[in-house]
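>
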Amino acid sequence: MGKSLFKKNSIVNKYQQLITKINALENTLKLLNDDELRVKSFNLQKQYEQTKNLNSLISESFALTREASVRTLGLRHFDVQLLGGIVLNSGKIAEMKTGEGKTLVATLPAFLNALTKKGVHVVTVNNYLANRDQVSMGQIYRFLGLETGLIQQGMTSVERKENYNADITYVTNYEVVFDYLHDNMATTLKNIVLRPFNYSIIDEVDSILIDEAQTPLIIANPIKTSNNKYNKYVTAAEITNYLGPNIHFEVDEKNKNIILTQEGTKQIEKILKIQDLYDPRNPWIPFIINAIKANALYFNNVHYIIQNNRIIIVDEFTGRIMPDRRWGEGLHQAIEAKEKLPIRKSTETVASITYQNFFLSYPKLSGMTGTGKTAEIEFEKIYKLSVDEIPTARPNIRKDLPDFIYKDQFSKWNAIAEECNNISITGQPILIGTTTVEKSEMLAQLLDEYNLSYQVLNAKPENVRKESEIVAQAGKKEGITIATNMAGRGTDIILGGNIKFTIQKELYSILTFTRIACKKQRNNIFDVIKGFDNVSQRFASVLISLVNNKKFLNLSSIDILRILRENDRISTPKVSYQCSVKFLVNELVVFYKKRQKQDQKIVKNLGGLYIVGTERNDSQRVDNQLRGRCGRQGDPGTSRFFLSLDDTLLRLFGSPNIQKFMQTQFFDDSPLESNLLTKSLNAAQKRVEERAYEQRKNLFEYDDVLNKQRQTIYYERRKILESNSIRSKIFQYSEQSINDSINNFKHLSRRDQKRLFNIFFDLLDNLRSQSTFLFPNNSDHLKKDWESRLFKNLRPTLYQEVWLDYYIKDLELQSYEMDSFESIERHYLLSLNDFIWKEHLQKMTLLREAVGWRGYGQRNPLYEYKEEAYVLFRESQQTLRQLVLHHLKRSSIL
358 MGKSLFKKNS IVNKYQQLIT KINALENTLK LLNDDELRVK SFNLQKQYEQ TKNLNSLISE
418 SFALTREASV RTLGLRHFDV QLLGGIVLNS GKIAEMKTGE GKTLVATLPA FLNALTKKGV
478 HVVTVNNYLA NRDQVSMGQI YRFLGLETGL IQQGMTSVER KENYNADITY VTNYEVVFDY
538 LHDNMATTLK NIVLRPFNYS IIDEVDSILI DEAQTPLIIA NPIKTSNNKY NKYVTAAEIT
598 NYLGPNIHFE VDEKNKNIIL TQEGTKQIEK ILKIQDLYDP RNPWIPFIIN AIKANALYFN
658 NVHYIIQNNR IIIVDEFTGR IMPDRRWGEG LHQAIEAKEK LPIRKSTETV ASITYQNFFL
718 SYPKLSGMTG TGKTAEIEFE KIYKLSVDEI PTARPNIRKD LPDFIYKDQF SKWNAIAEEC
778 NNISITGQPI LIGTTTVEKS EMLAQLLDEY NLSYQVLNAK PENVRKESEI VAQAGKKEGI
838 TIATNMAGRG TDIILGGNIK FTIQKELYSI LTFTRIACKK QRNNIFDVIK GFDNVSQRFA
898 SVLISLVNNK KFLNLSSIDI LRILRENDRI STPKVSYQCS VKFLVNELVV FYKKRQKQDQ
958 KIVKNLGGLY IVGTERNDSQ RVDNQLRGRC GRQGDPGTSR FFLSLDDTLL RLFGSPNIQK
1018 FMQTQFFDDS PLESNLLTKS LNAAQKRVEE RAYEQRKNLF EYDDVLNKQR QTIYYERRKI
1078 LESNSIRSKI FQYSEQSIND SINNFKHLSR RDQKRLFNIF FDLLDNLRSQ STFLFPNNSD
1138 HLKKDWESRL FKNLRPTLYQ EVWLDYYIKD LELQSYEMDS FESIERHYLL SLNDFIWKEH
1198 LQKMTLLREA VGWRGYGQRN PLYEYKEEAY VLFRESQQTL RQLVLHHLKR SSIL
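Per our numbering, the very first residue in the sequence shown carries number 358; after that it's consecutive.
1. Within 10 angstroms of the Cβ of Ser413, are there 16 or more other Cβ atoms? Answer buried if so, exposed if not.
2. Take the Cβ of Ser398 as the centre, count every other Cβ of all protein chains shown within 10 Å, and call the residue buried at 16 or more, exposed below.
3. What would DSSP say about Arg517, mapped onto helix, strand or coil?
4. Could you tell me the alpha carbon to alpha carbon distance between Leu1242 and Phe715, rounded to whole angstroms?
5. In terms of residues, what are the limits of the beta strand (DSSP E) holding Ile450?
6. Check Glu626 in the structure and name its three-state DSSP category.
7. Tell me which residues share the same chain as Ile628 and place their Cβ nearer than 6 angstroms to its Cβ, disregarding the 5 neighbours each side in the sequence.
8. Would you mind sorting Lys547 into buried or exposed? The rule is 16 or more other CB atoms within 10 Å of its CB.
9. Per the DSSP calculation, His478 is bridged to which residue(s)?
10. Would Phe435 be called buried (16 or more neighbouring beta carbons within 10 Å of its own) or exposed?
11. Quick check: what's the CA-CA separation for Ser1136 versus Asn1064?
12. For the candidate residues Ser976, Glu1206, Gln1235, whose alpha-carbon lies nearest to that of Glu1092?
13. Quick check on DSSP: helix, strand or coil for Tyr811?
14. Since I believe Glu561 is in contact with Val482 (beta carbons under 8 angstroms), could you give me their beta-carbon distance rounded to a whole number of angstroms?
15. Hey, could you find the ends of the alpha helix (DSSP H) Asp1060 is sitting in?
16. What is the DSSP secondary structure of Met542, reduced to helix, strand or coil?
17. Which residues in the same chain as Thr1069 place their Cβ atom closer than 6 angstroms to its Cβ, once the five residues preceding and following it in sequence are excluded?
18. Would Ile645 and Ile625 qualify as a contact pair, given that the criterion is a beta-carbon distance under 9 angstroms?
19. Who are the Cβ neighbours of Asp563 in its own chain at under 7 angstroms, not counting the five residues just before and after it?
20. To the nearest angstrom, how far is the alpha carbon of Lys950 from that of Glu1058?
21. CB-CB under 8 angstroms to Tyr1071, same chain, minus the five flanking residues each way: which ones, in chain order?
22. From Asn598, Glu835, Ser914, pick the residue whose C-alpha is nearest to that of Gln861; which is it?
23. Quick one: grab the DSSP three-state call for Tyr661.
24. Report all residues from its chain with a CB closer than 6 angstroms to the CB of Thr460; omit the five preceding and five following residues, and keep chain order.
25. On the criterion of 16 or more Cβ atoms from any shown chain inside 10 Å, does Glu693 qualify as buried, or is it exposed?
26. Go to Ser723, then tell me how far its beta strand (DSSP E) extends in each direction, as first and last residue.
27. Between which two residues does the beta strand (DSSP E) carrying Glu1225 extend?
28. Can you pull the DSSP bridge partners for Asn614?
29. May I have the straight-line CA-CA distance separating Leu1251 from Arg499, to the nearest angstrom?
30. Distance check for Val1062 and Asn771, CA to CA, integer angstroms please.
31. Relative to the alpha-carbon of Ser1233, which residue among Tyr1220, Ile649, Asn1190, Met512 has its alpha-carbon at the smallest distance?
32. Taking C-beta to C-beta, are Val1045 and Leu1002 nearer than 9 angstroms?
33. Can you give me the C-alpha to C-alpha distance between Arg952 and Gln785, rounded to a whole angstrom?
34. Does the pairing of the stretch 600-613 with the stretch 566-576 give three or more beta-carbon distances under 8 angstroms?
35. Suppose you measure from the CA of Leu1186 to the CA of Ile700; what does that come to, to the nearest Å?
36. Are the beta-carbon atoms of Lys650 and Ala594 separated by less than 9 angstroms?
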């Protein structure tokens, strides 16, 4: 980084002294051997145990991490990366441009905070990145004597617990949230996999904490659904064929909503032969609305794809599929009916949480992104996270060209295809960003007409499998890559191409071909090797010894491919053939690096990577993520967006006056470069972003109410699991239930109290002797002073009765089996707790829907929600106590 840039930046000036201190330690650490570095790491842990102060260890731990990185990965942290690490350790968000090495930056605060032995979570957006980062960056931590963990789909509870207990764990946002929810449904301590939270570093923090925070994460269980309900989904889907937009219904694209007209209601009632579409005894309206939504607002290869006869949602922000997510309130089933797929069972929510409240449960939180400043206000208001912009190591020389605007979609897409044809002739690589699967495939067909070769990366499984390779080679000369949104792809686009994948592919071909040839004609092995280009004498010798290795010959082609992919993570090969494979890879690296430098120079001279945006996204951040794929680390690059007046953003959120004005400017298919339209687009994006922020803020405020209740339930639940005896809890429930009953009695009217007391008085003759001792048979005296005597004597009497009854039940069950009552108590407490919480969640969902309508009556829905949520929660806890006591009273082991 240039000195002038360094001096002018206020963030750098703030931490300059600390950076200088870290750099001063570098030469000293270089003189130490590997074992001495590990001793340094161990001493830092001891120092923290004594002082409990991490800030005093920053300079030494950062310098130690950098030296370990140089020795294991050959990568040395730049000063700006040290700066990023300091910002992350301060509990802030570090905005670092694409290609600045955010993955390496995270190792600095991760190692420092792992010294506490309380655990560090590095959260990524997908399994590929979590696996890649744990494999590569884990070498640094393991070199310094720390353990690393990795959480992947399909792991058992035992595996998850082991990996979470590591000093530093790489995990996706999805996995860690659901592990948290599952932990709070566990019936034994051994099934709990997470430790208490300590520190989390979130990669692509805006993608996780903003884009994916639109909806809560839910664990839902399937429930029995009647055939009649399934038939309604199918019938409703058929009815949509007889309905027309703007006649029978109106479509609100902005709010993704449907409004039935009077004509529509009459038409549907006529088709169904019913009197009232809104009849609560035979409700059809939710099925009809969802069926119309499925047809008018949700489209295949845009909002979802069909895979294995299932509807799989596509994340609009990342372009990835979300196989475990489902739309709620019957919409998912309506789409299944529309596509004539098997309709899966309805579900009920048993646990839920928002990303906002989940990540706020970490005592220390930080994040990294290339595009955080545009969302700084939301980060500060909701997460209390400020954003510090880290300067680039080299000046950014990317050219962001003005937008081209066309009169319609047809003109725009033809212009994009023509531009790709013109640019590809020069050899400059092109990356085209699309917003949906459908549009990426349509563009591919247009490029076919020009006989252009290209790679497509979208949510379809056949493309996802090649994601890292496609992205890595997007900078190759003459390459054309069509990709849906580029958030969190995690693979650097290297100009001239990425030799890693080229080497893997070539060596795989050499090894598999040689093995087959050797098995068939072992004597002609030299002739086989001569057929390959770029093979040195040493390479040939090692290859011959490898194909003569019996263990290697017995490997399958899949095994060979796995070994090549895992080559980077094998620092000290344990098997002889692994050592040979590592040597062959290194030989090819030496050869291809020379060619890569030449290709890189050629591509740079051509202008670097050319980014084509096919429309503006709802958020400027997403546009900037696409632009940021070029111009990494001082490389040249160019970006341009191709737009049309009927793009979704302009059509829904642009000013009508702008639309009319721009229509008059077009005389043919030529594009316009209009500052007026650019300003209108920026304003439209701002409106969409503000709208989305209000929705997330609203979700957060409502879930915050539920979160306080959730924390109470989860805290009580954990105490039950951790307690050796829960007898005190049972007594507490008993006394609270008695108090609830007496308090409820006190709140009755005098007339109702007297009536109930008379019933009680009539039963006095049948009470046991100890009861008549407390309530003497002097009826006149009792009637005269009934109120004071009742409340004075009833409470202690009932307490004693409950205690006595409890001990009798305990002795009864102990006579059959030791400690049986203890296990029964714990079982009922946990199972009924979960049952009541599930019921409470459903009531809270209905309550939120109900209070939403009260805004029309000039009442504050959130205030109403808070008030009634408190009452609902209190009632649910009363019900829980009564149910626990009722089940224990009736319990038996016979």
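Positions of the beta carbon are idealized from the N, C-alpha and C atoms, including for glycine.
Concretely, from the data shown:
1. The residue is exposed, with fewer than 16 neighbouring Cβ atoms inside 10 Å.
2. It counts as buried.
3. In the structure shown, Arg517 falls within a helical segment according to DSSP collapsed to helix, strand and coil.
4. Note on geometry: alpha-carbon atoms of Leu1242 and Phe715 lie some 33 angstroms from one another.
5. Taken as a continuous stretch (DSSP letters only), the beta strand (DSSP E) holding Ile450 covers 450-452.
6. The answer is helix: DSSP assigns Glu626 an H, G or I state.
7. Taken in chain order, the residues that qualify are Ile596.
8. Burial check for Lys547: the Cβ neighbour count within 10 Å stays below 16, so the residue is exposed.
9. Answer by DSSP bridge pairing, in chain order: Thr526, Ser557.
10. Counting of Cβ neighbours within 10 angstroms places Phe435 among the buried residues, the total reaching 16 or more.
11. Confidence in Ser1136 is poor, its pLDDT being 44 and thus under 50, which makes the residue's placement unreliable; the coordinate value appears in the next sentence. One C-alpha to the other measures close to 52 angstroms.
12. For the options Ser976, Glu1206, Gln1235, the alpha carbon positioned closest to that of Glu1092 is the one of Gln1235.
13. Coil.
14. That belief holds up - the Cβ atoms of Val482 and Glu561 are roughly 5 angstroms apart, short of 8 angstroms.
15. For Asp1060, the enclosing alpha helix (DSSP H) begins and ends at 1032-1079.
16. Residue state, collapsed to three classes: coil.
17. No residues qualify anywhere along the chain.
18. Yes, these two residues count as a Cβ contact at 9 angstroms.
19. Same-chain partners within the cutoff: Thr726, Thr728, Gly729, Ala732, Arg978.
20. CA-CA distance, Lys950 to Glu1058, rounds to 54 angstroms.
21. The residues are Asn541.
22. Here the closest residue by C-alpha is Ser914.
23. Three-state DSSP puts Tyr661 in a strand.
24. Close CB contacts of Thr460 within its chain, under the 6 angstroms cut and outside five residues either way in sequence, are with Asp490 (chain order).
25. When all chains shown are included, Glu693 counts as buried.
26. Per DSSP, the continuous beta strand (DSSP E) segment holding Ser723 begins and ends at 721-726.
27. The continuous stretches of beta strand (DSSP E) do not include Glu1225, which lies in the alpha helix (DSSP H) extending over residues 1218-1247.
28. Residue pairing for Asn614: DSSP places it in a beta bridge opposite Asp609.
29. Note that Leu1251 scores a pLDDT of 36, beneath 50, so its modelled location is shaky; the value from the coordinates is reported in the next line. Taking the Cα positions, Leu1251 is about 55 angstroms away from Arg499.
30. Rounded to whole angstroms, Asn771 to Val1062 spans 51 angstroms at the Cα level.
31. Distances from the CA of Ser1233 to each of Tyr1220, Ile649, Asn1190, Met512 were compared; the closest alpha carbon is that of Asn1190.
32. Not closer than 9 angstroms, so no.
33. Cα-Cα distance, rounded: 17 angstroms.
34. No, the stretch 600-613 does not touch the stretch 566-576.
35. Each residue's alpha carbon lies about 36 angstroms from the other.
36. No, these two residues do not count as a Cβ contact at 9 angstroms.
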